[in-house]
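Using UniProt numbering, read the sequence shown as starting at 1 and increasing by one per residue. Glycine included, each C-beta is placed from N, C-alpha and C at the ideal position.
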Amino acid sequence: MSEALLDKGYEPREVEARWYRYWLDHQLFAAADKDQEKEAFSIVIPPPNVTGKLHMGHALNNTLQDILCRYHRLCGKNVLWMPGTDHAGIATQNVVEKQLALEGKSRDDLGRDAFIDRVWEWRKEYGGAIINQLQRLGASCDWSRERFTMDEGLSKAVRRVFVKLYEEGLIYKGQYLINWCPRCHTALADLEVEHEDKDSFLYHIAYPLTDGSASLVVATTRPETLFGDTAVALHPEDDRYADLSCAFVKLPLTEREIPVIRDGYVDREFGTGCLKVTPAHDPNDFELGIRHGLEQIKAIDDDGRMNAHAGAFEGMDRFEARSAAVAALEKQGLLIKKEELTHSVGHCYRCKTVVEPNLSLQWFVKVAPLAEKALKAVEEGHTRIYPENWTKTYYEWMNNIRDWCISRQIWWGHRIPAWTCQDCGSLMVLETDPEACPDCGSSSLIQENDVLDTWFSSALWPFSTMGWPEKTDLLKTFYPTSVLVTGFDILFFWVARMMMMGTHFMDEVPFKEVYIHALVRDAEGKKMSKSLGNVIDPLEVMDQYGTDAFRFTLTSFAAMGRDIKLSEERVEGYRHFINKLWNAARFSLMHLDRAYESFDEKALSLPDQWILSRLNTVAAQVQQALESYRFNDAASILYRFVWNEFCDWYLEAIKPVLFGKSGEAAMEATKGVLYRVISDTLILLHPIIPFVTEEIWAKLPGERGSIMQAVYPTGNWDQQRLAYSPEAEVAMEFLIELVTGVRNIRGEMNLPPAQALDAVFHTDNPFQKEMIHNHGDLMKLLARLSTLEAASVGERPRVSATSIVSGSPLYVLLEGILDFSKEVERLDKSIAKVDKELNGISAKLDNPGFVDKAPEAVVKKVKEQHGELSEKRRQLVANRDRMAAMV
Numbered sequence: 001m002s003e004a005l006l007d008k009g010y011e012p013r014e015v016e017a018r019w020y021r022y023w024l025d026h027q028l029f030a031a032a033d034k035d036q037e038k039e040a041f042s043i044v045i046p047p048p049n050v051t052g053k054l055h056m057g058h059a060l061n062n063t064l065q066d067i068l069c070r071y072h073r074l075c076g077k078n079v080l081w082m083p084g085t086d087h088a089g090i091a092t093q094n095v096v097e098k099q100l101a102l103e104g105k106s107r108d109d110l111g112r113d114a115f116i117d118r119v120w121e122w123r124k125e126y127g128g129a130i131i132n133q134l135q136r137l138g139a140s141c142d143w144s145r146e147r148f149t150m151d152e153g154l155s156k157a158v159r160r161v162f163v164k165l166y167e168e169g170l171i172y173k174g175q176y177l178i179n180w181c182p183r184c185h186t187a188l189a190d191l192e193v194e195h196e197d198k199d200s201f202l203y204h205i206a207y208p209l210t211d212g213s214a215s216l217v218v219a220t221t222r223p224e225t226l227f228g229d230t231a232v233a234l235h236p237e238d239d240r241y242a243d244l245s246c247a248f249v250k251l252p253l254t255e256r257e258i259p260v261i262r263d264g265y266v267d268r269e270f271g272t273g274c275l276k277v278t279p280a281h282d283p284n285d286f287e288l289g290i291r292h293g294l295e296q297i298k299a300i301d302d303d304g305r306m307n308a309h310a311g312a313f314e315g316m317d318r319f320e321a322r323s324a325a326v327a328a329l330e331k332q333g334l335l336i337k338k339e340e341l342t343h344s345v346g347h348c349y350r351c352k353t354v355v356e357p358n359l360s361l362q363w364f365v366k367v368a369p370l371a372e373k374a375l376k377a378v379e380e381g382h383t384r385i386y387p388e389n390w391t392k393t394y395y396e397w398m399n400n401i402r403d404w405c406i407s408r409q410i411w412w413g414h415r416i417p418a419w420t421c422q423d424c425g426s427l428m429v430l431e432t433d434p435e436a437c438p439d440c441g442s443s444s445l446i447q448e449n450d451v452l453d454t455w456f457s458s459a460l461w462p463f464s465t466m467g468w469p470e471k472t473d474l475l476k477t478f479y480p481t482s483v484l485v486t487g488f489d490i491l492f493f494w495v496a497r498m499m500m501m502g503t504h505f506m507d508e509v510p511f512k513e514v515y516i517h518a519l520v521r522d523a524e525g526k527k528m529s530k531s532l533g534n535v536i537d538p539l540e541v542m543d544q545y546g547t548d549a550f551r552f553t554l555t556s557f558a559a560m561g562r563d564i565k566l567s568e569e570r571v572e573g574y575r576h577f578i579n580k581l582w583n584a585a586r587f588s589l590m591h592l593d594r595a596y597e598s599f600d601e602k603a604l605s606l607p608d609q610w611i612l613s614r615l616n617t618v619a620a621q622v623q624q625a626l627e628s629y630r631f632n633d634a635a636s637i638l639y640r641f642v643w644n645e646f647c648d649w650y651l652e653a654i655k656p657v658l659f660g661k662s663g664e665a666a667m668e669a670t671k672g673v674l675y676r677v678i679s680d681t682l683i684l685l686h687p688i689i690p691f692v693t694e695e696i697w698a699k700l701p702g703e704r705g706s707i708m709q710a711v712y713p714t715g716n717w718d719q720q721r722l723a724y725s726p727e728a729e730v731a732m733e734f735l736i737e738l739v740t741g742v743r744n745i746r747g748e749m750n751l752p753p754a755q756a757l758d759a760v761f762h763t764d765n766p767f768q769k770e771m772i773h774n775h776g777d778l779m780k781l782l783a784r785l786s787t788l789e790a791a792s793v794g795e796r797p798r799v800s801a802t803s804i805v806s807g808s809p810l811y812v813l814l815e816g817i818l819d820f821s822k823e824v825e826r827l828d829k830s831i832a833k834v835d836k837e838l839n840g841i842s843a844k845l846d847n848p849g850f851v852d853k854a855p856e857a858v859v860k861k862v863k864e865q866h867g868e869l870s871e872k873r874r875q876l877v878a879n880r881d882r883m884a885a886m887v
C-alpha cells in the first residue's frame with residue numbers, strides 16, 4: 001500500500017480488479033473454523049445454478065449479503081459466508097443435451113455413465129462462470145470453502161438423509177399427480193413451472209344423463225382430458241340439481257357411464273355448477289377422486305399423446321386431439337358453446353413445453369411431521385422472518401402443505417439410493433451400494449433410475465456445506481447460521497424445506513433470521529424479461545458505471561417489502577456520488593501529511609465539533625439500519641452525510657483554516673478531525689461500496705492494512721473519536737440555515753454566486769446574536785457577504801429581500817444591486833414562455849383521444865411535465881410579484 005495523492009478521476013475497472021485480487025491473495029474473506037474470542041456470524045449463499053449467468057436478482061441478493069458480511073467483519077466478528085453452486089438437474093442436463101444435439105447425438109447414444117461424465121466435463125469447463133461474476137460484484141465469500149451440491153461431501157449427506165427418512169417412514173413410493181414435461185420426460189417442481197396467459201376457449205359440453213331425461217353441462221378448457229373423466233361433481237347445496245334422480249351420465253365420445261357425485265369443493269358460481277372430474281389429469285380432481293374413491297384413468301401418455309383410453313383418438317398429440325374431439329362433439333350435438341378465454345397455462349421453465357398434470361409412480365416425502373417442527377420454530381421465535389408479513393404466508397403454506405415429489409426422470413443428479421433384487425423383488429434403501437440382496441443373497445440388483453429433485457440436496461445446504469453428517473468444528477462454530485437472505489419466490493421451495501430438514505436432522509433451526517427481498521423491476525415497474533426487451537444486464541452496468549455505483553443504487557432502493565425500479569439513469573446518478581466522494585478525499589489528502597491519532601479539543605472550531613457529532617449520530621444510525629435490514633436507510637443516511645454535510649458544508653467551512661488563516665493550532669486540530677472523519681466515513685461506506693473505499697483508504701497516511709481489517713466506528717470507542725455535541729449541532733444548524741437563506745435569495749433574484757452582498761439579521765434572541773458575533777466571519781465566507789450585521793428587531797430595510805431564519809427575518813440589501821423594472825420584465829417573459837408550454841400540454845390532457853389511447857407511460861410522463869411546469873410558473877409569479885413590490 002502506497003501513500004500518494006489520488007488520481008484526478010476515478011477509474012473503477014482497474015481498481016476493482018486489483019483490490020479483489022489483493023483480498024483473495026491475503027485471504028481476507030476467510031473464516032476461522034473455531035475462534036472462541038470472536039462472535040460468529042454466518043450466511044450460506046442461495047446457491048445459483050451452475051448453468052447460471054449473473055442477473056439482477058443475483059446482483060441484489062448477493063450485494064445485500066455482502067453488505068452484511070463486510071459490516072459484521074468491521075464489527076470484529078468471525079464471519080463465514082459459505083459459497084457454492086447448485087447442480088441444477090434439469091437445466092444442466094438440457095444444456096449438455098443441446099451440445100450433443102449439435103454433434104448429432106443424444107444422451108441415449110452415450111449411455112448413462114458416459115453422459116454423466118460429459119456433464120462433469122461441462123461443469124469443469126463452464127460451470128464457474130457465475131462464480132466469476134459474483135466476484136466481479138465484489139462478493140466476499142470464503143471461496144476456499146466453495147461447495148457444489150454434487151460434490152462428495154454433500155452426496156454423502158444426501159444419502160444419509162434419504163435413508164434416514166425412508167427408515168422413519170417419511171419417504172415412500174406411490175402414484176401421485178405431478179407436473180410433467182413431455183419434452184424433458186421428468187417431473188417438475190411447482191417452481192419449475194412458468195405460467196403464461198394464453199388465449200383459448202372455454203368449451204361447454206353436454207353429458208347426457210343415462211335415463212335420457214336431461215344433460216349436465218360442464219365447462220372445460222381441456223376437452224381432450226374427458227377420456228380420463230370418472231365422475232361429474234355437483235355442490236351438495238346446489239338447488240338447481242336438488243331433484244336430480246339419475247345418478248349416472250354417459251361420457252361423450254366413449255361407451256362409458258360415470259357417476260354423478262356431490263362435493264363441497266365444486267364452485268356453484270362457475271358455469272353451470274357441474275364439474276368434470278379427471279383424477280389422473282388435474283391436481284384438484286386428483287384430491288377429489290381420492291375422497292370419493294374414483295378410478296384414476298390416464299388418457300394422455302408421457303409423450304403428450306393420447307393412449308388407448310382415447311379410443312379413435314389414440315396416437316394423436318394432445319392438442320391435435322383437442323381439435324378433433326371438439327369437432328366430434330359438435331357433430332354429435334354435444335358442444336353447447338365455446339367462449340373466448342384468456343387463462344394461465346404452465347410451461348416447463350427450461351424447454352417451454354406446456355406442462356401436463358400426470359399421474360405417475362414417484363418417490364415422495366411425507367412432509368406433515370417435518371412441517372410441524374418447522375412451523376413451531378417460527379411460531380416460538382427461533383427463526384424470525386423479515387418483513388413480518390411473510391410470516392403469515394409461511395404459516396399458511398406450512399399448514400396446507402402437500403407431500404413432496406422428490407423424484408426426477410433425468411440422469412444428472414443424486415441418483416436415488418434404492419435397489420431392487422431381480423430374483424426375490426426385495427427393495428433395499430442403503431447409504432452404500434449393496435453387493436448382494438440381504439434376503440436371498442442374489443447379486444442381480446438394479447438401482448432406481450430416477451434422481452432426486454434438486455431442492456432435496458439444496459434443503460440440506462446450511463449444514464451439509466459445513467461437513468454434516470460429521471461433527472465438524474465448522475458446524476459447531478457457525479450453525480445455526482445468523483441470517484438467510486433470499487427472494488420471496490423460493491420461500492416455500494427452499495426456505496421452508498431447509499427449515500424442515502434443519503429442525504429434523506440438527507434439532508436446531510438452520511438460520512436465526514430470514515430477510516426476504518423484493519424484485520428488481522424496470523423503471524416503469526414492469527418485471528424484466530427478454531420478451532419485453534427490458535432486461536438490464538448487471539455486468540454491462542458494472543462495466544459502464546463501476547461496481548460501487550451499481551451496488552449503491554441497488555442498496556438505496558432496497559426498501560423492505562418494496563420492489564426496486566431500476567434504470568441506468570439511476571446508476572449514473574450514484575456514479576456522481578462516487579465521484580463526489582473521490583474528489584472530497586482527493587482534496588482532503590492534499591492537506592493530510594501524516595496520520596493524526598489525536599487532536600487538541602480546545603482548538604476545535606464549530607464546524608469541527610459539528611462534523612464529529614454528526615459522524616457519531618450517522619455511525620449509530622447506519623449500524624441500527626443494517627442490524628434491522630433497512631439497507632435503503634443506511635445508504636440514504638450515508639449519502640446525505642457525505643454529499644450535504646461533509647462535502648457541501650464541512651469542507652467548505654474549513655478551507656480558510658486549512659490554508660492557515662486561523663493559526664497553526666487551529667489548522668492542526670482541523671487536520672486531525674478531517675483525518676478522523678474521512679477515515680471513519682470510508683469504514684461506514686465500505687460494506688456498500690468496497691472498492692473505492694479501499695482505494696482511498698490505501699492512500700491515507702499511515703500503515704493500517706486493508707480497510708476490511710478496520711474497526712467499525714461505534715460509541716464504544718474512546719470519547720474523542722466520536723464525540724456527540726448537541727450544542728454544536730444546534731449552532732451549526734443555525735449557521736447553515738442563515739447561509740442557505742442568503743443563497744435562496746440569490747437564486748430567486750437571479751444574482752451571481754460571486755456577487756458580494758450586505759445583510760442585516762433582525763433578532764432579540766441572545767443565542768442568535770452571539771452566533772453572529774462569534775461566527776459571523778464564517779457565515780460571510782460561506783454566504784459570500786461583504787457585511788453581516790445583527791440588529792434589534794425593527795422596520796424592514798428599504799429595497800431588500802427577506803428570508804426567515806429560525807423565526808427571525810434576514811434581510812439582504814439590494815439597493816443598487818438590481819434593476820427591479822428589468823427583472824420584472826424578464827420574469828414576465830419567462831412566465832409567458834411557460835404559459836405557452838402549459839397550454840400545449842393542457843390541450844393534450846384535455847383531449848380524450850390522447851388520454852384514452854396513448855400508452856399509460858406516455859400519459860403519465862405528460863402529466864408529470866404539466867405538474868413541473870405549473871410549479872415553475874408558481875415560483876416565477878411569486879418572484880415577479882416580489883420584484884414588482886420593490887419597483
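Test item: CB-CB of residue i and residue j under 8 Å
i: W643; j: F577; result: yes
i: residue 891; j: Y394; result: A question about residue 891 goes unanswered here, because the residues of the chain that appear run from 1 up to 887.
i: A723; j: L612; result: yes
i: Q135; j: Y20; result: yes
i: M506; j: Y479; result: yes
i: T465; j: D33; result: no
i: K338; j: L202; result: yes
i: A31; j: D109; result: no
i: L592; j: K655; result: no
i: R704; j: Y596; result: no
i: G153; j: G441; result: no
Distance between beta carbons of residue j and residue i, contact taken as under 8 Å
i: R551; j: T63; result: 5 Å
i: M528; j: D537; result: That pair is no contact at about 10 Å.
i: A91; j: T51; result: 5 Å
i: E255; j: G304; result: Actually they are not in contact, since the Cβ atoms of E255 and G304 sit about 25 Å apart, beyond 8 Å.
i: V161; j: M560; result: Incorrect: roughly 34 Å between the Cβ atoms, too far for contact.
i: D680; j: A619; result: 7 Å
Spatial neighbours of residue i in its chain, beta-carbon cut-off 7 Å, leaving aside the 5 residues before and after
i: N660; result: Per the sequence shown, the amino acid found at residue 660 is Gly instead of Asn. The answer, listed in chain order, is M667.
i: R570; result: T553
i: W404; result: F364, V365, V367
Proximal residues to residue i (C-beta, below 6 Å), its chain only, five neighbours per side dropped
i: R268; result: H235, D238
i: Q621; result: I637
i: W397; result: F492
i: E694; result: W19, I707
i: A508; result: Before going on, a small fix: residue 508 reads as Glu here, not Ala. Answer for E508: P480, listed in chain order.
8 Å Cβ shell around residue i - same chain, five flanking residues per side excluded
i: W717; result: For W717, the predicted model reports a pLDDT of 41, less than 50, meaning its position is unreliable and no value from the coordinates is stated.
i: D197; result: T342, H343, S344, V345
i: Q720; result: Model confidence at Q720 stands at a pLDDT of 43, short of 50, so the residue's coordinates are unreliable and nothing is read from them.
i: L838; result: H866, L869, S870, R873
- Is there contact here, the region 460-469 with the region 416-429, by at least three beta-carbon pairs under 8 Å? no
- Task: Please list the segments of the alpha helix (DSSP H) lying wholly inside the region 81-133, counting only runs of 4 or more residues, in order along the chain.
- Result: 89-102, 107-110, 112-126
- Inspect the CB distances between the region 746-764 and the region 810-819 and report whether three or more fall short of 8 Å. yes
- Task: Write down every uninterrupted run of the alpha helix (DSSP H) in the region 685-716 whose length is 4 residues or greater and which is fully enclosed by it, in chain order.
- Result: 690-699
- Should the region 428-446 be regarded as contacting the region 384-400, the criterion being three or more beta carbon pairs within less than 8 Å? no
- Task: Say whether the region 113-131 touches the region 3-12, bearing in mind that this needs 3 or more beta-carbon pairs closer than 8 Å, one atom from each stretch.
- Result: no
- Is the region 730-746 in contact with the region 775-786, if contact means three or more CB pairs nearer than 8 Å? yes
- Item | Completely contained alpha helix (DSSP H) runs for the region 274-318, where each covers 4 or more residues | 283-292
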